[in-house]
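The block underneath contains the structure these notes are about, expressed in structure tokens.
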Amino acid sequence: MLSEQERKRDQNRYQILKTLHFRGPLQRFELANLCDIRKSSITSIVNELVDLDLVRPQDYQRKRSPLILDDTRRYAAAVSLSPSLVRVAKVSLTGTFQRINEKTVPEGTGLRKLLNIAVEMLKKEFRGKIKKAIGIGISCPGLIDSSKGVCLQAANIPDSQNMPIRNFFKKHFALPLHVENDVRCSLWASVWFEQFLKDFQNVFYVEITHGVGSALLINGTIIEGAHFTAGEFGHIKAGDNGQNCLCGKKDCLETYCNIPAISKAIRQISPAYRDVYSAGDIARCANGNKRVTNVLDKAVGRMVKILAPLIASLDPQALVLGNQEPLFYNTIIPFLHKHMLSEHKAMAQFGPQIFIAKSGKDASLKGIAGLVIEDYFKKINDK
Ligand SMILES: [Zn+2]
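In terms of this note's numbering, the sequence shown opens at residue 10 and continues consecutively.
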């Protein structure tokens with residue numbers, strides 16, 4: 010059990026690091042004011058954080074230089090797993106990728122194999138420098154129980170049922186370990202690293218990739234739900250064409266408006282579009298072409314039928330579109346606005362602001378690093 014004094018010290022350290030993260034560079038007296046901590050305490054805590062290589066003067070030559078987070082020494086190790094790609098990265102405290110490495114794998118590779126690949130890649134990256142890592146984060150698609158670090162099920166990765174991911178890594182690394190759903194990680198990349206959301210407490214995050222999913226931030230907390238399925242709206246029925254979904258059901262929203270479904274519908278318009286496969290391809294050929302934009306209009310319409318009631322119930326400040334080429338989202342935003350308004354007239358007055366996340370396709374990798382970093386700031390355990 011922590012003593013009251015230790016708890017207070019943890020709280021103060023977290024407050025200082027978080028303030029430097031969102032508001033830095035700052036002088037000691039500014040930190041004292043912003044964090045509401047006595048100046049004498051600030052000095053001792055800051056000295057400790059400097060010794061831990063977490064904080065440094067912005068300018069070493071200047072006597073009273075403002076302080077910043079030290080983005081040169083400590084790092085979070087981040088892993089992102091997906092059906093066809095394993096990526097590992099060293100991410101600095103400020104979110105820059107110091108190293109990034111990836112390995113493509115054939116679709117249909119089982120989760121255990123993906124985990125083995127990730128462990129080997131991390132061992133190679135770390136070499137003897139593991140002491141500078143503050144923790145390892147693993148982002149994985151599917152239903153994730155982050156408190157236990159278990160993947161309950163990932164529809165598009167075989168052998169993923171009840172896989173104890175955290176325990177798997179624990180056998181190889183003596184570091185704090187975090188496991189989280191990939192879409193929730195992407196949301197966190199926006200909240201923690203993209204400063205435009207720093208004052209937002211209620212955010213609805215949507216991504217359209219190989220799947221369609223969302224994640225929720227309510228009163229500043231990421232919501233997992235009672236069965237870890239919060240935000241999984243991609244598997245709600247959205248049509249009657251009898252289209253097979255990877256989850257085993259038919260006509261899920263994903264089968265109508267994920268990137269493969271939209272690009273396939275565009276390829277069917279004309280042989281001129283036979284090379285349209287990615288979100289970027291879709292956006293480029295949509296430019297001013299009525300038949301292509303009709304496909305997008307229809308797909309977005311199906312999504313908004315499901316999205317609008319969710320937005321109306323939660324009343325978020327922001328709707329963030331992420332983990333995809335911004336050009337694609339720029340192309341669909343006019344349809345999003347149109348369908349939201351037609352589903353729910355009050356959106357004109359009370360609808361959320363719509364943003365496109367900047368972290369693009371690195372979002373889940375960056376977000377899991379952000380979760381590792383924030384957690385470490387809350388409870389520094391390598392004194
Ligand atoms: Zn489905």
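Note that beta-carbon positions come from the ideal geometry of N, C-alpha and C, so glycine has one too.
As the structure is a prediction and not an experimental result, all values here were calculated from the model.
Coarse secondary structure for residue i, derived from DSSP in three states
i: Q362; result: strand
i: Y69; result: coil
i: E383; result: helix
i: G33; result: coil
i: C266; result: helix
i: S12; result: coil
i: H181; result: coil
i: K112; result: strand
i: G376; result: helix
i: V329; result: strand
i: I389; result: coil
i: V301; result: helix
i: N253; result: strand
i: G240; result: coil
Rounded separation between residue i and residue j - CA only
i: K392; j: L61; result: Its pLDDT being 48, under 50, K392 is placed unreliably in this model, and the value from its coordinates should be taken loosely. So the alpha carbons of these two residues sit roughly 8 Å apart.
i: R83; j: I77; result: 13 Å
i: L29; j: K367; result: 21 Å
i: A274; j: K258; result: 21 Å
i: D249; j: D45; result: 58 Å
i: G331; j: G376; result: 12 Å
i: Q210; j: R283; result: 43 Å
i: S155; j: N190; result: 8 Å
i: D19; j: V64; result: 16 Å
Cβ-heavy atom distance, residue i to ligand 1, below 7 Å
i: C254; result: yes
i: K112; result: no
i: E241; result: no
i: K258; result: yes
i: C266; result: no
i: E263; result: yes
i: C236; result: One detail in the question is off: residue 236 reads as His in this sequence, not Cys. Flag unset: Cβ of H236 not near ligand 1.
i: H219; result: no
i: H244; result: yes
DSSP beta-bridge partners of residue i
i: V97; result: V88, N110
i: E57; result: None; E57 has no bridge partner.
i: Y214; result: A224, V329
i: C261; result: K246
i: I231; result: L226
i: L76; result: L35, P66
Cβ-heavy atom distance, residue i to ligand 2, below 7 Å
i: C160; result: In terms of ligand content, the structure shown lacks ligand 2 and carries ligand 1 instead.
Ranges of the alpha helix (DSSP H) found wholly within the stretch 129 to 211, counting only runs of at least 4
Entirely contained in the stretch 129 to 211, the alpha helix (DSSP H) runs reaching 4 residues are, in chain order, 174 to 179, 191 to 197.
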